[in-house]
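Worksheet: one structure, shown below.
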Amino acid sequence: MLKLKPGANYFWKMHHPALGIRIPEIFLPGIVPALKKYNTAAGLELSFGRETSLASIINARPGKFPITLGHTGTSIPAFLKAAEKAALAAAIPVELEADHLIVIGSHARAVKRIEGVFEKRELDPGKLKESFQYNFAALDQALATADVRCFTTDTSDLIASEAEELSRQELENGLQQHLSERGRRKLFSRYLNRKFSITAADGSSFSLEFDREKIMRLFLKYRESIRGNARLYDYLHVKKIKSASFGFEISLDETQGFTPLQDAFFYLMEWTASGRHCDYFAPNIGFKKRTDYDGSLKTLAERVSKLAAVANYFDEAVLSFHSGSGSTPWSGKG
């Protein structure tokens, strides 16, 4: 059984709520007593790509940086120190999380996405370099401030959705461009002539199979996104975190459409095949920000069950939910 202590912890793969404390002075006095009253361990977080930012950015003169970056006015050190101090004072366990480390061409696009505005992706090498440098600096500041052990990434802007429309020859050409002959053999050997049998929590089972064309399509679609996540993961891996273990969550929830089962399986297969771990996986299950779900509950239940089973297939990773906070009293937002 996981032993938790007052203050910052690493929850490993444990189901728990994670709460955004956008303005700590206002949110923590309500959240912390509630966690203590109901004996609940929770994550305390802010989005590093939107809600919080580097202290130098928060303290800069107005107009120097995009208003969409750190729009709560709470810096990374301020948020982490306040969360840890409140947890220690109340003697409750929490997990401090660096949420939504977004690799994206512009901070404005990161905000547009949650409003349902999706623009054509532009992989400007210069802007992507800046995005990685920002995330590395944010991680440095977080790790220097508190015992942050959970990290959620978002490289969905690097997903090449246009790969869905490529012809067979274009797929073959693209694969040859990015993988050596040995690499192609290894890729196909992971999927071809294999039937993956997956069991859901309710005991039901289903299987997934991949043909050559699907493998190539998914590889070209997710290649850059997986590589982007690997850069963030490897940066954390070499940092002097207080413990060798850290939680890593891959989020795809802000893509334009929901995540198909084959896509989820392929992404996690390629990720774990690289020797990297994933504690939580947040696909797009069809929820939207600030919108109540109005689709079929039966379809939603089946989709969630199967996606959770796919995540669990890979070293018992846990399905994570981000979007769909709603807008009515029934979802706590009205």
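Numbering (our numbering), first residue to last: 28 to 361. Ideal Cβ placement from N, Cα and C applies to all residues, glycine included.
For asparagine 162, the closest alpha carbon among the candidates Ile94, Ser80, Arg212 and His98 is that of Ser80. One thing to note: leucine 346 has its Cβ no nearer than 7 Å to the Cβ of phenylalanine 292. The beta-carbon separation of leucine 334 and serine 183, rounded to 16 Å, does not stay under the 8 Å limit for a contact. Judged by DSSP secondary structure, threonine 326 falls within the alpha helix (DSSP H) whose first and last residues are 324-340. A direct Cα-to-Cα measurement between leucine 245 and aspartate 290 gives close to 7 Å. Per DSSP, the continuous alpha helix (DSSP H) segment holding aspartate 167 begins and ends at 152-172. The C-beta separation of phenylalanine 275 from histidine 304 comes to about 6 Å, placing the pair in contact by the 8 Å criterion. Comparing alpha-carbon positions, the option among Val130, Gly70, Leu166 and Ala125 lying closest to isoleucine 119 turns out to be Gly70. Annotation for valine 130: no beta strand (DSSP E) segment contains it, and DSSP assigns it neither H nor E. Partner residues in the beta bridge of valine 345, as assigned by DSSP, are Tyr307. Assigned with DSSP and collapsed to three states, phenylalanine 285 falls in coil, not helix or strand. Per the coordinates, the alpha-carbon of lysine 63 lies some 32 Å from the alpha-carbon of tyrosine 260.
When secondary structure is reduced to three states using DSSP, proline 120 falls in the strand class. The residue from Ile84, Pro51, Ala190 and Thr286 with its alpha-carbon nearest to that of glutamate 251 is Ala190. Nearest neighbour of alanine 187 by Cα position, chosen from Ala171, His43, Arg254 and Leu170, turns out to be Arg254. Closest in C-alpha terms to cysteine 177, from the list Ala45, Leu295, Arg239 and Lys213, comes Ala45.
With respect to the C-alpha of asparagine 66, the residue from Lys32, Ala82 and Ser83 having the closest C-alpha is Lys32. Within the region 227-299, the runs of beta strand (DSSP E) at least 3 residues long that lie entirely inside it are, in chain order, 232-235 and 274-278.
Non-local beta-carbon contacts of isoleucine 58 in its own chain, meaning distances under 7 Å to residues more than five positions away in sequence, involve Leu46 and Ile48 in chain order.
Between phenylalanine 38 and glutamate 122, the C-beta spacing is below 7 Å.
For the options Ile84, Gly34 and Ala117, the alpha carbon positioned closest to that of alanine 61 is the one of Ala117. Non-local beta-carbon contacts of leucine 29 in its own chain, meaning distances under 8 Å to residues more than five positions away in sequence, involve Phe38, Trp39 and Met41 in chain order.
Within the model, the alpha-carbon separation for isoleucine 131 versus lysine 156 is close to 10 Å. The way I'd put it, the region 101-110 does touch the region 77-93; three or more beta-carbon pairs between them come closer than 8 Å.
No Cβ-Cβ contact shorter than 7 Å links threonine 172 with leucine 128. A distance of 7 Å or more separates the beta carbons of valine 175 and alanine 228.
Alanine 336 is positioned such that its CB atom lies closer than 7 Å to that of isoleucine 225.
Rounded to the nearest whole angstrom, the CA to CA distance from glutamine 203 to isoleucine 277 is 27 Å.
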